[in-house]
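Protein sequences appear in the order of chains A and B. For the first sequence, full-length UniProt numbering begins at 1 and goes up steadily by one. For the second sequence, full-length UniProt numbering begins at 1 and goes up steadily by one.
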Amino acid sequence: MNSINKQKEIAVATVDEIAVDIPKEVIIEETSIAIFKTKDSTIFALENKCPHKGGPLSQGIVSGEHVFCPLHDWKISLHDGRAQGADEGCTASYGTRVENNTVYLLLK
Amino acid sequence: MNKERLVLIGNGMAGMYTIEEILKQEPDRFEITVFGKEPHPNYNRILLSSVLQGDSELKDIVLNDYDWYKEHNITLYTGDEVTRIDTNNKQVESAGGIVCAYDHLIVATGSNPFMPPIPGSDKEGVISFRDIKDTETMIEASKKYEKAAVIGGGLLGLEAARGLLNLNMETEVIHLQDQLMERQLDPNASKMLKRELENQGMRFHMEKQTEQIFGRKRAQGLHFKDGESLYADLVVIAVGIRPNIGLAENSGLKTNRAIIVNDFLETSAPDVYAVGECAEHNGIAYGLVAPLYEQGKILAERLVSKEPAGTGYQGSLTSTKLKVSGVDVFSAGEFGEADDLKSVLVHDDFDGVYKKVNIRDNKVVGAVLFGDTTDSPKLLNLINKKEDISEVGKGIILPSESNAPMESPVVDMANEETICGCNGVCKGEIVSAINEKGLTSVNEVKQHTNASRSCGGCKPLVSDLLNATLGDGAAVNEVEPLCGCTDLSHEQVIEEIKAKQLSHTREVMNVLGWKEPEGCSKCRPALNYYLSVSKPEEYEDDYASRFINERVHANIQNDGTYSVVPRMYGGVTNSDQLRKIADVAEKYEVPLLKLTGGQRIDLLGVNKEDLPAIWGDLDMPSGHAYGKSIRTVKTCVGEDFCRFGTQDSIGMGMTIERKYERLNTPHKVKMAVSACPRNCAESGIKDIGIVGLEGHWEMYVGGNGGVDLRGGELLGKMNSDDELLDAISAFLQYYRESAHYLERTSHWIERVGLDHVKAVVLEDEEERANLIERMEVSLEHKGEDPWKELTYNEKKKQELFEQRKVELV
Ligand code: SRM
Ligand SMILES: Cc1cc2nc3c(=O)[nH]c(=O)nc-3n(C[C@H](O)[C@H](O)[C@H](O)COP(=O)(O)OP(=O)(O)OC[C@H]3O[C@@H](n4cnc5c(N)ncnc54)[C@H](O)[C@@H]3O)c2cc1C
Ligand code: SF4
Ligand code: FES
Numbered sequence: 001m002n003s004i005n006k007q008k009e010i011a012v013a014t015v016d017e018i019a020v021d022i023p024k025e026v027i028i029e030e031t032s033i034a035i036f037k038t039k040d041s042t043i044f045a046l047e048n049k050c051p052h053k054g055g056p057l058s059q060g061i062v063s064g065e066h067v068f069c070p071l072h073d074w075k076i077s078l079h080d081g082r083a084q085g086a087d088e089g090c091t092a093s094y095g096t097r098v099e100n101n102t103v104y105l106l107l108k
Numbered sequence: 001m002n003k004e005r006l007v008l009i010g011n012g013m014a015g016m017y018t019i020e021e022i023l024k025q026e027p028d029r030f031e032i033t034v035f036g037k038e039p040h041p042n043y044n045r046i047l048l049s050s051v052l053q054g055d056s057e058l059k060d061i062v063l064n065d066y067d068w069y070k071e072h073n074i075t076l077y078t079g080d081e082v083t084r085i086d087t088n089n090k091q092v093e094s095a096g097g098i099v100c101a102y103d104h105l106i107v108a109t110g111s112n113p114f115m116p117p118i119p120g121s122d123k124e125g126v127i128s129f130r131d132i133k134d135t136e137t138m139i140e141a142s143k144k145y146e147k148a149a150v151i152g153g154g155l156l157g158l159e160a161a162r163g164l165l166n167l168n169m170e171t172e173v174i175h176l177q178d179q180l181m182e183r184q185l186d187p188n189a190s191k192m193l194k195r196e197l198e199n200q201g202m203r204f205h206m207e208k209q210t211e212q213i214f215g216r217k218r219a220q221g222l223h224f225k226d227g228e229s230l231y232a233d234l235v236v237i238a239v240g241i242r243p244n245i246g247l248a249e250n251s252g253l254k255t256n257r258a259i260i261v262n263d264f265l266e267t268s269a270p271d272v273y274a275v276g277e278c279a280e281h282n283g284i285a286y287g288l289v290a291p292l293y294e295q296g297k298i299l300a301e302r303l304v305s306k307e308p309a310g311t312g313y314q315g316s317l318t319s320t321k322l323k324v325s326g327v328d329v330f331s332a333g334e335f336g337e338a339d340d341l342k343s344v345l346v347h348d349d350f351d352g353v354y355k356k357v358n359i360r361d362n363k364v365v366g367a368v369l370f371g372d373t374t375d376s377p378k379l380l381n382l383i384n385k386k387e388d389i390s391e392v393g394k395g396i397i398l399p400s401e402s403n404a405p406m407e408s409p410v411v412d413m414a415n416e417e418t419i420c421g422c423n424g425v426c427k428g429e430i431v432s433a434i435n436e437k438g439l440t441s442v443n444e445v446k447q448h449t450n451a452s453r454s455c456g457g458c459k460p461l462v463s464d465l466l467n468a469t470l471g472d473g474a475a476v477n478e479v480e481p482l483c484g485c486t487d488l489s490h491e492q493v494i495e496e497i498k499a500k501q502l503s504h505t506r507e508v509m510n511v512l513g514w515k516e517p518e519g520c521s522k523c524r525p526a527l528n529y530y531l532s533v534s535k536p537e538e539y540e541d542d543y544a545s546r547f548i549n550e551r552v553h554a555n556i557q558n559d560g561t562y563s564v565v566p567r568m569y570g571g572v573t574n575s576d577q578l579r580k581i582a583d584v585a586e587k588y589e590v591p592l593l594k595l596t597g598g599q600r601i602d603l604l605g606v607n608k609e610d611l612p613a614i615w616g617d618l619d620m621p622s623g624h625a626y627g628k629s630i631r632t633v634k635t636c637v638g639e640d641f642c643r644f645g646t647q648d649s650i651g652m653g654m655t656i657e658r659k660y661e662r663l664n665t666p667h668k669v670k671m672a673v674s675a676c677p678r679n680c681a682e683s684g685i686k687d688i689g690i691v692g693l694e695g696h697w698e699m700y701v702g703g704n705g706g707v708d709l710r711g712g713e714l715l716g717k718m719n720s721d722d723e724l725l726d727a728i729s730a731f732l733q734y735y736r737e738s739a740h741y742l743e744r745t746s747h748w749i750e751r752v753g754l755d756h757v758k759a760v761v762l763e764d765e766e767e768r769a770n771l772i773e774r775m776e777v778s779l780e781h782k783g784e785d786p787w788k789e790l791t792y793n794e795k796k797k798q799e800l801f802e803q804r805k806v807e808l809v
C-alpha cells in the first residue's frame, strides 16, 4: 500500500492483544499513539499526548468512548481527540481498521 | 423618552438588595448608577466571618459580580466615594471627580466600625472587622504572627476570635463587661457560651478596659487600666458600629443617631431615600440584614409605584445567631428579666443546654436558646404573631422538650411566614418554587429563591420544607451525589451494593441506572473500592477502573515517567537494601534518588517499560507510595538508643506496617510511632499516630499534615501491644467501611465526630469485636505483593507496560 494518493495503513497489533479499557501504546517513528479498545471491541487511536500538558492518554481511565487523562483528569473524546466540557483543545486522532483480527492504523 | 435617573450611594447589602428588588419589577425603567467606596462589587458581608473561619473563600461571597452590573446596564463606580450631595441641584459629586445628576437618590452608606479613642490604636496591626480588607489583613497577619487580641466580646468579636483561632493564632478576647454578648444573652446563657468557647481554645479577659496599645511602629500588646498587660501582634477592635452619616450630615439631611427616615424610607430632602444601617426608623437603626432587606423591599415598592404602597415599613423584630461552629445560640425579643415577665426555663448544665422563654400576658415576647436551637423558628413565629398561648400549653413553646416525636416547625407555618429572615423569603414562595420548578435540593432552592443564601441559619428549615413538600419517599438530593453520573450519594451506593449483592463495577452502574453507562474517572475507582470492601473474600480487582498509579503500582510523573518507592518497614534499612537500590539506580540510569518525607528512598524518573525489571532486581516489597492504602509507618529511635525513649517504637512501627501493608483504604493512611511525647516521628499529624509513654501507648487519630493541616485527636490509651493492635484494627476497619472514597481520616472524623468513632471502636464491645474480625478477614485476603505479582505475570506485563515500536515500511 504505497500509492501516494492512498492513505498509508500499518498493522500495529492484534485485537486480542489490546485489553478492553486498557490502551496500548504504540510508537511509530517519533510519535507515540494510544490504541483503545472499548467494551464492544471498537478500536480507536489518538496521539498519546493530552492537549492540556501532554499527559500520556494511554495511561488514563477509559469510560465508554472517552478517556480521562492521568495527569489532570481532562476528558477526551476517543472519536476526535477533542477535550470535553469546559476544557478546550484537541489531540490528533487516527482512523483504524480491523481485518482478520489485525488492527491497522490509517496514517495521513 | 429619557429614563428616570436613579443613583445609589453605597454598593453594599441593603442598597443593592433594593436595586435587585426594583429590577425584579421594572427591569428597564431606571437608568441606574451606583457608587461604592470599596474596590469590589457587592458581596455578602455576613460571610466574612466564614471566610475568616476558612469555610468560604472571598470569591465565593460575591453577590453581584461585575458581569451582573453590565447585564443590567448599571453604571458602577467602585473605589470611588461620594463626597457631596447637592439636594438643590439634585446631583452628587465623587472624590474621583464624577458629577452625577439624579431624579431619585438612595443613600445606603452602611456603618463604620466604632473605634474607641485608645492611644496607640493607629498603630500597624490594629484593625476592625468590617470589610474584605480587614479580613485579608487578618489572614495575612496570621501567616507571620502568633498572638492576637480581640477587643470586644460581642457577636462580631467572637466570630473574629473564632476565625483567628482557625488561622492558628493564640487568641485572647478582652471584654469590658462581666458577660459575653450581654446585649443578646442573659447571664446563664452567657456563662455557658464562655465555657464552650474556652473549650475551643479562646482565652477571655473579662471586665478589662484597654488603656493603651503599645509597640513601636506595630502593635505589640495592650495595657489595661488595672495595670495588667498582654502581648499581641494583631489587635482586632470589635466594640460596635456607628451609622456612617458624615456625608448625609454635611449635605443637610436630617439625622439623629442615623439618617432619619419615615415609613417609606424618605429622608428630609425630596427624592432622597436612605436604607440600611445608615437609616433610623422610629428611633432605631438596625444592624442586621433581615430588617434592612425588609426596608429594601418597601423602598423598591415606593420607587416603582410612585404612590406610597400599603402601610410602609413598621419596624422589625430581630433575632440573633452566632456563626461559630459547634456553638448554637439564639436570642430574640425581650430575653432579660423584668417583674411582669414569667419565664419557662430549661437549664441543663450537664449537657450544655439552656432554654428560656419569656412570657407576658400569655404571649411569648422573647427567648434565649443555647446548645439546642431547634425551637428557634417556632419561637420567632410565636413572638411575631403575639398569639395567646394560655390554651395550648408548654409543648407548643418548646416542642423539643415534649416527648412527642418532633414535627418540623415548618409544617404548621402559614404560607406568608418568613423562612429566610436574611433574604425575606416566605414559606409560600419556597413551596411554589419547589412545585413549579421541580426543585429537589436545598442548593436548588437557594439558587431559585435566595432562601439560605446569606447566613445559612435557615438551611434546616428549608430542608424540612423540601421534605414536607415533596412528600415521603421523594428523592431529596440532600447529599452530594457520588459524581455526575448518578444522583445517588456515596452512602446510598454503598447500601445498594450490600442490599443487591452487586459484585462488579459495570453491574453497579447498570443496576443503579448510571446516567453515563460507563461511568467516569470519579465513580469507577470509588465503586471498585466499595465492592472490594464489601466482599474481601471474593472480589476481583477491576484494574481498568483504577487510577494509573494503582494500575501500574508506581507514581506517574509530569513527563509520563514513574517513580519507585520500595518499602522499608518502620523507616529501617540495611546495607543489603541500600546496595540493591544503588545497583538498580546505576543499571537503569535512574535520574534521581531521593529520601522521601516518609522515611524511605524514592527512585524517580523511571521509564514505564523498565518498571517490572527494576522491581525484580530490587526484590523488595512495594511501598505503596502511590496507593489509596497503608503508606508508611514512621518511627523514632525509641527505647533501644534514645535517652528519653519509653517504648520500642521501631519494633511496634514495623509490626504495624507488616500487619496492615497492602490493605486498601478509602484514601491513603499514614501512621507513626514515637516513643515519648517529644514525638520525633510526628505522630500528631498522622491518620493514626502512636505515642509511647511509661506503661502504655496513646493512640491519636485523624491527623493530617497535608492540605488541611489538622492535629490528631486522642482516641484512647492502650495498655498493651495487643490492645493497641486491636484498637488500630477496629478503627481502620470502621474507617474502611464508613468513609467516602477519597475521604482522609481527618475529613471523615470531622464529619462523623470523634465521640461517635470512640463509641463504635472502643466502647461498643460487640461492634468492636466484629470490626476486628472483619479486619482479619480482609487482611487474609489482601493478596500478595503487587510488584512480585506483576514482575512474573507475562500477560499483565504485556498489557500494562509494553511500549510497542512499529517500523514504517
Ligand atoms: C515522595 C513524597 C515527597 C518526598 O520526596 O518526600 C511525596 C510525593 C507525592 N505526594 Fe505527598 N509525598 C510524600 C510525603 C507526603 C507527606 C509527608 C508525610 O507523609 O509524612 C505529606 C503530608 C502528610 C499527610 O499526608 O498527612 C504529603 C501530602 C500529600 C498530599 C496531600 C494529602 C492531603 O490529604 O491533604 C497529596 C495529594 C493527595 O494525596 O491527594 C500528596 C501526593 C503526592 C504525589 C503522590 C502526587 C500524586 O498524586 O501524583 C507525589 C508523587 C511525586 C512523584 O512525582 O512521584 N502528598 N506527602 C513523599 C513520599 C512519602 C513516602 O515515603 O511514601
Ligand atoms: C463580620 C460581619 C458579620 C456579620 N454577620 C451578620 C449576621 O450573621 N447576620 C446579620 O443579619 N448581619 C450580620 N452582619 C451585619 C451586616 O453585614 C450589615 O448589617 C449589612 O451589611 C449592612 O448593610 P448596608 O448596606 O447597610 O451596609 P454595607 O453592607 O456596609 O454597605 C455600605 C457600603 O457603602 C459604602 N460607602 C459608604 N460611604 C460611601 C460613600 N460616601 N460613597 C460610596 N460608597 C460608600 C461602604 O464602603 C459599603 O461598601 C455582619 C457584619 C459583619 C461585618
Ligand atoms: S520521640 Fe522521644 S524517644 Fe523517640 S527519638 Fe524523639 S525524643 Fe527520643
Ligand atoms: S496533561 Fe492531560 S489533563 Fe493535564
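For each residue, glycine too, the CB sits at the ideal point set by N, CA and C.
Contact under 8 Å by Cβ, residue i with residue j
i: M181 (chain B); j: L155 (chain B); result: yes
i: S563 (chain B); j: V606 (chain B); result: yes
i: L253 (chain B); j: A269 (chain B); result: yes
i: I359 (chain B); j: S376 (chain B); result: no
i: V150 (chain B); j: T137 (chain B); result: no
i: T87 (chain B); j: S229 (chain B); result: no
i: T91 (chain A); j: K49 (chain A); result: yes
i: P243 (chain B); j: S111 (chain B); result: yes
i: Y588 (chain B); j: R658 (chain B); result: no
Outcome for residue i when other beta-carbon atoms lying within 10 angstroms are tallied against a minimum of 16
i: N367 (chain B); result: Note on residue identity: the sequence assigns Ala, not Asn, to residue 367 (chain B). With 16 or more other Cβ atoms within 10 Å, it is buried.
i: A300 (chain B); result: buried
i: R567 (chain B); result: buried
i: S325 (chain B); result: exposed
i: H175 (chain B); result: buried
i: F30 (chain B); result: buried
i: F641 (chain B); result: exposed
i: T373 (chain B); result: buried
i: E159 (chain B); result: buried
Cα-Cα separation, residue i to residue j
i: E334 (chain B); j: V365 (chain B); result: 6 Å
i: G692 (chain B); j: N719 (chain B); result: 10 Å
i: V81 (chain B); j: V431 (chain B); result: Note on residue identity: the sequence assigns Glu, not Val, to residue 81 (chain B). Taking the straight line joining both Cα atoms gives about 42 Å.
i: V752 (chain B); j: R82 (chain A); result: 41 Å
i: K522 (chain B); j: G15 (chain B); result: 43 Å
i: K143 (chain B); j: G125 (chain B); result: 13 Å
i: M413 (chain B); j: F204 (chain B); result: 41 Å
i: Q212 (chain B); j: S128 (chain B); result: 16 Å
i: G473 (chain B); j: E516 (chain B); result: In this prediction, G473 (chain B) has a pLDDT of 48, which is less than 50 and means its spatial position is unreliable; nothing more can be read from the coordinates.
i: D348 (chain B); j: D361 (chain B); result: 27 Å
i: A526 (chain B); j: E723 (chain B); result: 32 Å
Residue i - DSSP class collapsed to helix/strand/coil
i: Y529 (chain B); result: helix
i: K216 (chain B); result: As written in the sequence, residue 216 (chain B) is Arg, which differs from the Lys given in the question. Of the three classes helix, strand and coil, the one that applies to R216 (chain B) here is coil, per DSSP.
Scan the segment 50-128 of chain B and note each continuous beta strand (DSSP E) run of 3 residues or more that stays entirely inside, going in chain order. 75-78, 82-86, 91-94, 99-101, 104-107, 111-113
Segments assigned beta strand (DSSP E), at least 3 residues, entirely inside the UniProt domain "Nitrite/sulphite reductase 4Fe-4S" (627-765) of chain B: 630-635, 669-674, 688-693, 696-701, 713-718
Taking only runs of the beta strand (DSSP E) that begin and end inside the segment 9-76 of chain A, which ones reach a length of at least 3 residues, in chain order? 24-28, 31-37, 43-47, 61-63, 66-68
Could you pull out every unbroken alpha helix (DSSP H) segment of at least 4 residues lying fully inside the segment 542-603 of chain B, listed in chain order? 548-552, 575-587
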